[in-house]
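Visitor: Quick one: structure below, then a few questions.
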Amino acid sequence: MCVFVFATWSRLINLKTYEDPVSAAMRTLSSIVDGRPCSIVTTNTEGHFQLAGFHPTPLFEMEGRFTELACCAGCEAAHVSSERSVHEMAAHEEGCRVPNEYHPKCERCGAPMRVNMADGNSFFKTAEWTGKHAAFKDFLAAHVNDRSVILELGVGMRNPLVTGALAEAKQTLRDASAVVINKGGGAGLRPDGALCIDVDITRALQGIEQEMKRCR
Ligand SMILES: [Zn+2]
61 MCVFVFATWS
71 RLINLKTYED
81 PVSAAMRTLS
91 SIVDGRPCSI
101 VTTNTEGHFQ
111 LAGFHPTPLF
121 EMEGRFTELA
131 CCAGCEAAHV
141 SSERSVHEMA
151 AHEEGCRVPN
161 EYHPKCERCG
171 APMRVNMADG
181 NSFFKTAEWT
191 GKHAAFKDFL
201 AAHVNDRSVI
211 LELGVGMRNP
221 LVTGALAEAK
231 QTLRDASAVV
241 INKGGGAGLR
251 PDGALCIDVD
261 ITRALQGIEQ
271 EMKRCR
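Residues are numbered in this note's numbering as their position in the sequence shown, beginning at 1, plus a constant of 60.
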């Protein structure tokens, strides 16, 4: 049985997911994609891709998401939105404690709930995670012969989950253009052929958006 300490988490999630506005970069990315087939791998957990307008299907949030609670006893079908519980706990948190009566419980088995995010290797073996990974591979296989762009935004080499997925994408989509936008990450051609652009992501995406509008 897990014990999830909600005091800090409820405050953090309330702030990062529900109070912080969706960034201009995220909104611009959504506008650029504009319903085109895409697959998004990310270790962002704040849930802002959906709030920016992306459909949940192409999202592979590899470390889970703040917007969902999961049953500590493992009822995978018992995932629920965290919004009401998080607002309630954040509002009643005092001295880094949330009174027990506000701790969410699983509606199926009554066990405590926790935020649906990676807390150990078992997370990466759940049906949801393995299903999302399989869907990502299926997406790549379905677009082998299409003109594609692999867009890498602020990932960095210290993120093995996403860099591993990007390596899978590059291996499958051999003819895709790969573009890396990462301020401070250096500019030029990477050994794997990716074009690296060393500018602010928001500025770069807004430039791409304007150019796409001009070319319509
Ligand atoms: Zn349960």
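Virtual Cβ for every residue (Gly too), placed ideally from N, Cα, C.
Given the structure is predicted, the values throughout are model-derived calculations rather than measurements.
1) Sorted by chain position, which residues of the same chain lie with C-beta nearer than 7 Å to Ala236's C-beta, five sequence neighbours on each side aside?
2) Give me, in chain order, the residues of the same chain whose beta-carbon lies closer than 8 Å to that of Met61; leave out the 5 immediate sequence neighbours on both sides.
3) Out of Gln231, His152, Cys156, Asp260, point me to the one whose CA is closest to Asp252's CA.
4) Could you give the uninterrupted runs of the beta strand (DSSP E) lying entirely in the region 213-259, keeping only those of 3 residues or more?
5) Sorted by chain position, which residues of the same chain lie with C-beta nearer than 7 Å to Arg125's C-beta, five sequence neighbours on each side aside?
6) Taking the alpha helix (DSSP H) that Thr88 falls in, what are its first and last residues?
7) Check each candidate in Ser145, Lys185, Ala264, Arg274 and name the one with the smallest Cα separation from Glu123.
8) Cβ of Ala187 versus every heavy atom of ligand 1: is any distance shorter than 8 Å?
9) Gly124 bridges to which residues according to DSSP?
10) Pick out every residue whose C-beta is nearer than 5 Å to a heavy atom of ligand 1: which are they, in chain order?
11) What's the gap between the Cα of Phe114 and the Cα of Arg87?
12) From the DSSP output, in three-state form, read off Met61 for me.
13) Excluding sequence positions up to five away, which residues of its chain have a Cβ less than 7 Å from the Cβ of Ala264?
14) Does Pro164 pass the burial test, meaning 16 or more other C-beta atoms within 10 Å, or should it be called exposed?
15) Counting Cβ pairs closer than 8 Å, one from the region 67-74 and one from the region 90-102, do we hit at least three?
16) For Leu255 versus Gly248, is the C-beta spacing smaller than 9 Å?
17) So for Thr102, helix, strand or coil by DSSP?
18) Taking a contact to mean a Cβ-Cβ separation below 9 Å, would you say Thr77 touches Val146 in this structure?
19) Using DSSP with H/G/I as helix, E/B as strand and the rest coil, what is Ala264?
20) Hey, how far is the Cα of Thr127 from the Cα of Arg144?
Guide: Based on what the coordinates show:
1) As a first step, residue 236 must be located in the sequence shown, where it is residue number 176. So the list reads Ser208, Val209, Ile210, once near-sequence residues are dropped.
2) In the sequence shown, residue 61 corresponds to position 1, counting from 1. Low confidence applies here, because Met61 scores a pLDDT of 49, under 50, leaving its location unreliable; read the following figure in that light. Excluding positions up to five away in sequence, the list reads Cys132, Ala133, Ala171, Pro172.
3) Taking the sequence shown and counting its residues from 1, the one referred to as residue 252 is at position 192. With distances taken between Cα atoms, Asp252 lies closest to Gln231.
4) 237-241, 255-257
5) For this step, residue 125 is matched to residue 65 along the sequence shown. Thr105, Gly107, Asn176, Met177, listed in sequence order.
6) In the sequence shown, counting from the first residue as 1, residue 88 sits at position 28. Looking at the DSSP string, the run of the alpha helix (DSSP H) that includes Thr88 is 84-93.
7) Position 63 of the sequence shown, counted from the first residue, corresponds to residue 123. The candidate whose alpha carbon is nearest that of Glu123 is Lys185.
8) Mapped onto the sequence shown, residue 187 falls at position 127. No, the beta carbon of Ala187 sits no closer than 8 Å to any heavy atom of ligand 1.
9) To locate residue 124, count along the sequence shown from 1; it is residue 64. Paired residues: Met177.
10) Cys131, Ala133, Cys135, Ala138, Cys166, Arg168, Cys169, Ala171
11) For this step, residue 114 is matched to residue 54 along the sequence shown. For this step, residue 87 is matched to residue 27 along the sequence shown. Going by the C-alpha atoms only, they are around 9 Å apart.
12) Stepping through the sequence shown from its first residue, residue 61 is reached at position 1. Because Met61 carries a pLDDT of 49, less than 50, the predicted location of this residue cannot be relied on, and no value is offered for it.
13) Along the sequence shown, read from residue 1 onward, the residue named residue 264 stands at position 204. So the list reads Ile241, Ile257, once near-sequence residues are dropped.
14) Numbered from its first residue, the sequence shown carries residue 164 at position 104. With 16 or more other Cβ atoms within 10 Å, it is buried.
15) no
16) Sequence index remark: in the sequence shown, residue 255 carries index 195 (1-based). Sequence index remark: in the sequence shown, residue 248 carries index 188 (1-based). Yes, the pair counts as a contact, with Cβ atoms nearer than the cut-off.
17) Working through the sequence shown from its first residue, we reach residue 102 at position 42. Correct three-state label for Thr102: strand.
18) Here residue 77 refers to the residue found at position 17 when the sequence shown is read from its first residue. Here residue 146 refers to the residue found at position 86 when the sequence shown is read from its first residue. Closer than 9 Å, so yes.
19) Position 204 of the sequence shown, counted from the first residue, corresponds to residue 264. Looking at Ala264 - three-state DSSP - the assignment turns out to be helix.
20) What you label residue 127 is simply residue 67 of the sequence shown in a count that begins at 1. What you label residue 144 is simply residue 84 of the sequence shown in a count that begins at 1. Roughly 10 Å separates the two Cα atoms.
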